[in-house]
Structures are given as C-alpha cells and as structure tokens.
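Following: one structure in structure tokens, then a few remarks.
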C-alpha cells in the first residue's frame, strides 16, 4: 500500500507536467538550483572532515536544527505542505491508519524540497567519513532526521489546520507572515553587529539543541567520535522516541481531522455596498470598486499594502544605518514601481472569475482603467508621501521637484506597463483564497521571465527622468531637478494613457485567449 | 435595454459547422443547430460530449476553430459586444468574484454592462428576493453554499434582462425548492418572449421543462428538434441512451449480487 501511494504521487507529478510544460521547465530549473545548493552544502561538509570532532558536531547540530525548525514552521506560516496527496481524499478507502500515515509521509520525499533535505541531511556522512562507525551513524541519523523534518511539517500543519478553520484567520495570518520575512535582512544586520558575543554562545546552544528533537540525530556521530558510545546509543534512542512520538501525534491529529472534518467557519457579518457607493456607477467605476474591495479583502493584494510601511524600514536598516541616510531618497521611486507593479498579474489573480468581464463584454479600456484607478487611489498618496518626506526630513528641499516627478513617473509608468502586461501574460498564481505564498510547483520560471521583462521595460522607461534627477544630485544644478520632475510627470502620464489604451485593445482582441489561459491555471 | 437592432425573424441562436479541437482530441465536430426564438431548449449529452465547449464558443468565451454563430442574427465573433448585450450566461466550472457580497456581485454585473445605477439597484433587490437570497445578499459569496452560489450566478446572468439565456448545468447542487423557483422564473421568461438554453444530465427534468432538445455525443449532434419529435414516443431517457449507445450489460457484475 505504501508503494502504491508513492507511485500515485509520482503519477500525479508526471501528469501535472503533461498538462502544462511550463511546470516541467520550472521544476527542472528548481531542480538545477537545488542541485547547486546540494553540491555546495555537501562539499562544505566534505571539507569539514579535517576539523576536530567537537567543531564538526557543533556546526552540524546547529545546521540541522535550523533545517528542522524550518520544516516545522515555514509550511505553517506559508500554509503549504504539498497536498498533492490530500489525506482527506483517502477517507473513503479502506487503508489502515499506519499504512496511510507512512505512505503519505514517505511521499513527501518525492518532490524537490523533500529530496533536497534527504540528500543534504544524509550527506552529513561526508563530514564524518574519517571513521567507519561515525560514517555509518551519520548516514543513518541523516535519513532519520530527514524523516523527522517531514513529520514535523505535517504535524504542525495538521494541528494548526484544526485551529485555523476560519477564512479570516488564514487571510490575516497570510499577510502577517510577510512582516518577519521582510525584516529578516535588517535583523541580520543588527544581529551580525553583536556576533562577537555569539561565538561563546554557539557551542552551548549546540549542546542544548543536541538533546531536543531539532538536533538530536545530528549529535549522535559526535558522541561516537568522542568515544562515548553509551551516550550515542542513548541519544539515538531518544531521537527515535521523538520521531515515534511525532508520527503518533500527527497520525492522531490527522485522524481527528478526517473523522470530524471541521467546516470552515463562515463569517456572518453583513457588508454594505462599500466601494460601489464611492466610485461612479460606470463600467470603469465598477471595476475600480471591485478591485478596491479586493485590495482590502484579498490577502494576495494585502501583501502589497503591507509592503508600504515595511519598505522604508528595510531601506533604513540596510543602507541608512551605515550613514547612507540619503538612500531614503530612493523610497518614492521604489514604492511607485512596486505599487504600479502590483496590478501586473491582475487577470491571473481574477482567475476564472474573469469570465464575468468577458461575458459582459466590458471594453478592455474600461477594464484597464478601472484597475488602474483602484490602485492609484492607494498608490498615489503613498507615493507622494514617500517622495516628499525624505527630501524634507533630510533638509534637501531643492531635491523635491525631481523626487516627486521621478516617483510619479515610476508609479504611472508602472501602472501603464502593468496594464499591458496583465492583458497579455497570465501565469499560475495562488488561487483566490489560497495563501499568497503558495506557488504552484514549477510556476516560478514563467513568473520570473515575465516579471523580469516587465521590470526591465519599466527601468528603461524610467531612465530619462531618473537620469536628470541623478544629474542634479551629482552636479547640484537645480534646473536639472526641475527638468527631471517635469519630464517624469509628462513621460509617466503619456505612458499610462498609452498603457491603458494598448492593454485595452489587446484585451478586446484576446479576451477568449486570456479566459483560456486562466482556465488552465485554475 | 433596447434590443431594436436585433433581427426579429432570426433564430435566437444559430450555429453552423462549429468545430473545436484540443490537441488531437476533437471536442466539437462540425455542429449545426438552430434554437428557435421563444423556445426552452435543452442540450443533453454524456459527460465530455462537448456541451460546455459548444456553449462556451456560442457565448464568446472560447474562440472556435471553425464555424459561425449568430445570436438573434448577430455574429458573435464579428460583433461580440452587440451579441453579448443580448446574452445572459451562467457558465459552469468558473469562479465568481467571491470576496464581494451577493448584492455587490449582482450590482457589479449590472454596472459592467453599462446599466444605470437606479435600474441596477431595483433589479438586484428583485432578483435577491425571488431567488430567496435577501438575507444572504449582504454576506460574502465565498461563504455561500454551492446552491446559493449557483443562484447568485444566475442573478448576475439575469440582471440586464437578456433576450437569450444560456445556462450550463443550472440545477446542479440547487435544492428542490429553489430549483422549482428557478424553473418558474425561466418558464415565465420564456412565456414572455425570452429564449432559454439549458445543458443538463437530468433527462426527466429536460423532458418536463423543455420544448426543444438537442442530443450531443462525442462532439457530434445526434438529434435535434421538439422534445416530442426527438423522443419519438419513448421516454427521453430511453431515447437518449439509444441514441448515445453504450447501455451497459447489467449481467456483467455477478459478483455484486450479495444474496
């Protein structure tokens, strides 16, 4: 039965490639990337062999603990374990509980993250190859540690799924996750400043982790190398106990979930007409009102809004701390581009609901303009603030015209380019109601290509205004700044109008093809 | 909505030599079909027969590989905007903008078609009332049951008072009371000059409800005409199975006999 489940997973994976070759390309690219990561990590471990045993043990325990913690937490916040084999679909089959659990668990190794983890963790033997006993122990413990990773991921997600039945919780949690992710860089800067104190801390941390589920398996070969076989055996037993306990707990949680599937709590709160009473009652206004509603209710858009307060923090910490406060001048243009870019996947986000637009015969130009309008209502004030505040606070008021002009140029150009891009290119995005972080397997390559192209086009179009602004900054000639500002606003406005028109015309011509594309991605 | 540009003598829907293939599979194989104005037209066929593909092409959602389609004399692919104004469509297997409330969604559908707000508001309330969605109107569509979702989708198809209604599987997951209500609405609509095309698997329903029927299998049109012509004295279900073929041999599963 376990073998059947594994075969099923392989079959499903293979069929998804047949359905969309792009997915195959994506998986191959991801595979190559993973191969690169593996070879780097593995060769690093191969070099470790010359160091003393306590050092090897410390490094590996810390690394494995980090990987295990990642497996336990990341799927949780990103609400994604690979649910190609969704346990709920097996309820009606007479499969014994342990077999189902083991089968589902092992199927996690079929797929790039699982395979990568297995290879890297079992690769630990390279660091311990000096002696046969440690080598064998490292190999065994590596495989067990990889198992533990997968179990923990399943355990945390299954347990949390019980708690997080409500849609609202998922929506909010989905957005909140971005904050720590965005702040990771700045945090690292701060942490690395205090790295000196850390060198004393690390060995002790490794010692403690070696007795927790996170690092228990990784610590076993170190005990053997130190000659304390009894400790090694004890630790291995403890590790197996952790593993068994985790499997048992997951299996129980899984069963509870399957026996009494928790129906998603529905919110009973009544909503009024909202944005539909604000925007004019025309097709364009209706599209804007709908888009606006989604900006606040759909976590996939909410992610863009959360970026707004975070971006200045990130810039401040990554550049400002080191005396480069003037880097804050980039805030306006950067936010402008980001906000403009936010609607570049609009049709993909609509998914098959886009059908209503096609059936209603909405003119492309109205569709485009409505989406731009909604984004501008949020983006315009934000971009203006971000372009006015930094020069004023830095006491460089003479930079204001260029700052405002370039930022607006970035926003307007971004909106224009996005209007064209979203009328032509669709790609697999998280479906409505899914976590903003869930990427369909293999979608990465197409997204990367389209987004890179879109960004490059924006960059080229932004160059004249940005160039003049830079010239003012370098030469101190304020006339250049005024010129840059005016050029920026003019270019931006022209490109926005052109973008809406061209995008609208493309949409009119290609609405059925767009519809076909979102049907495939569904 | 003014429909003065429509050709009064033309059939509500006219399909000629319509063809579509997906890769090597021929989904629709040169279908020609007329749906008379004022008819209640059933489109039946086994799973994968090409019903949804045909209807998608007829409503401008999917570009045909070959053939032509007219809605009240307007070529759907030459003058899509004009044709779409006369069409109300309930598509199967597509999402709705479900982060809107039911009321917002129906209003949205009306405004997208360029209707004025007062008319949209009035009709939205009428539709919600008739479809028994008044209380649910202020809740998000994402929280609706499957049947309620079907009903709100139907409301978005009716809001602009189309001449021709195309409904793909309208009764799926709808409870019997709501289904009876919807049938009543549709019968009334047909009695006052509208034309309805429904696709369905439920032969009994089609036989009772429809005036005309067409049978499609494997992308081919097997029969079309008034229900009485097509069923030729048999029940529609028996006639359908005869036409489509493939009635299973019930004696095959002797091991299923438990006594």
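Protein chains in written order, with the working numbering: chain A, 1 to 522; chain B, 1 to 259. Yeah, the Cβ is synthetic: ideal placement off N, Cα and C, and Gly gets one too.
Report task. Just tell me which of A:368, A:378, A:298 and A:481 has its CA closest to the CA of residue 112 (chain B). Result -> A:368
Query raised in the report: Taking 7 Å as the CB-CB limit, is residue 142 (chain A) close to chain B?
Result: no
Query raised in the report: Just the Cα atoms here: how many angstroms apart are residue 310 (chain A) and residue 331 (chain A)?
Result: 11 Å
Query raised in the report: residue 22 (chain B) touches chain A at which residues, Cβ-Cβ below 9 Å?
Result: Chain A residues near residue 22 (chain B): none, gap ~10 Å exceeds 9 Å.
Requested in this report: Kindly confirm or deny that the stretch 62–77 of chain B and the stretch 9–29 of chain B touch, where touching means at least three C-beta pairs closer than 8 Å.
Outcome: yes
Query raised in the report: Does DSSP put residue 70 (chain B) in a helix, in a strand, or in coil?
Result: strand
Query raised in the report: Leaving out five residues before and five after residue 133 (chain B) in sequence, what residues of the same chain have Cβ atoms less than 7 Å from its Cβ?
Result: 102, 148, 151 and 152
Report task. Kindly confirm or deny that the stretch 191–209 of chain B and the stretch 49–64 of chain B touch, where touching means at least three C-beta pairs closer than 8 Å. Result -> yes
Query raised in the report: Taking the continuous beta strand (DSSP E) assigned at residue 34 (chain B), which residues delimit it?
Result: 25–35
Report task. Compare the C-beta of residue 17 (chain A) with all C-beta atoms of chain B and state if any pair is closer than 7 Å. Result -> no
Requested in this report: Using a Cβ cut-off of 8 Å, pull out every chain A residue sitting near residue 148 (chain B), in sequence order please.
Outcome: In chain order: nothing, as chain A lies at least about 11 Å away.
Requested in this report: Following the continuous alpha helix (DSSP H) through residue 181 (chain B), name the residue where it begins and the one where it ends.
Outcome: 176–191
Query raised in the report: Among residues of its own chain, excluding the 5 on either side of residue 108 (chain A), which ones have a beta-carbon nearer than 6 Å to its beta-carbon?
Result: 114 and 150
Query - Contact set for residue 504 (chain A): own chain, Cβ-Cβ below 6 Å, skip 5 residues either direction - result: 364, 365 and 368
Query raised in the report: In the structure shown, what three-state DSSP assignment does residue 139 (chain B) receive?
Result: coil
Query raised in the report: Under a CB-based cut-off of 7 Å, is residue 189 (chain B) close to chain A?
Result: no
**Report entry** Interface residues of chain B facing residue 223 (chain A) [CB-CB closer than 9 Å]
**Finding:** Within chain B, no residue comes near residue 223 (chain A); the closest Cβ sits about 54 Å away, beyond 9 Å.
**Report entry** Whole-angstrom distance between residue 338 (chain A) and residue 243 (chain A), CA atom to CA atom
**Finding:** 44 Å
Query raised in the report: Along the stretch 335–367 of chain A, what residues have a CB closer than 8 Å to any CB found in chain B?
Result: 350, 351, 352, 353, 355, 356, 357, 358, 359, 360, 361, 362 and 363
**Report entry** Helix, strand or coil at residue 476 (chain A) according to DSSP, with G and I counted as helix
**Finding:** coil
**Report entry** Spatial neighbours of residue 193 (chain B) in its chain, beta-carbon cut-off 7 Å, leaving aside the 5 residues before and after
**Finding:** 38
Report task. Go ahead and pull the three-state DSSP assignment for residue 220 (chain B). Result -> strand
**Report entry** residue 234 (chain B) burial status per 10 Å Cβ neighbour count (16 or more: buried)
**Finding:** exposed
Report task. Look at the Cβ atom of residue 409 (chain A), then the Cβ atom of residue 481 (chain A), and state whether they are nearer than 7 Å. Result -> no
Query raised in the report: Where residue 451 (chain A) and residue 36 (chain A) are concerned, what is the direct C-alpha to C-alpha distance, given to the nearest angstrom?
Result: 23 Å
Query - Euclidean distance between Cα positions of residue 53 (chain A) and residue 234 (chain A) - result: 19 Å
Requested in this report: Going by CA-CA distance only, name the one from B:104, B:138, B:220 and B:33 that's closest to residue 48 (chain B).
Outcome: B:220
Report task. Please name the residue, chosen from B:34, B:22, B:10 and B:42, that lies closest to residue 171 (chain B) on a Cα-to-Cα basis. Result -> B:42
Query raised in the report: Checking contacts by CB at 7 Å: is residue 233 (chain B) closer than that to chain A?
Result: no
**Report entry** Where the stretch 89–104 of chain B meets chain A: residues whose CB sits under 8 Å from a CB there
**Finding:** 89, 91, 93, 94, 95, 96, 97, 98, 99, 100, 101, 103 and 104
Query raised in the report: At a CB-CB cut-off below 9 Å, which residues of chain B make contact with residue 294 (chain A)?
Result: 97, 99 and 100
Query raised in the report: Under 7 Å between C-beta atoms, does residue 515 (chain A) make it to chain B?
Result: yes
Query raised in the report: Which residue comes first and which comes last in the alpha helix (DSSP H) that contains residue 368 (chain A)?
Result: 364–393
Query raised in the report: In the DSSP assignment, what are the bridge partners of residue 240 (chain B)?
Result: In DSSP, residue 240 (chain B) forms no bridge with anything.
Query raised in the report: In terms of residues, what are the limits of the alpha helix (DSSP H) holding residue 158 (chain B)?
Result: 146–158
Query - Alpha carbon of residue 420 (chain A) to alpha carbon of residue 431 (chain A), nearest angstrom - result: 22 Å
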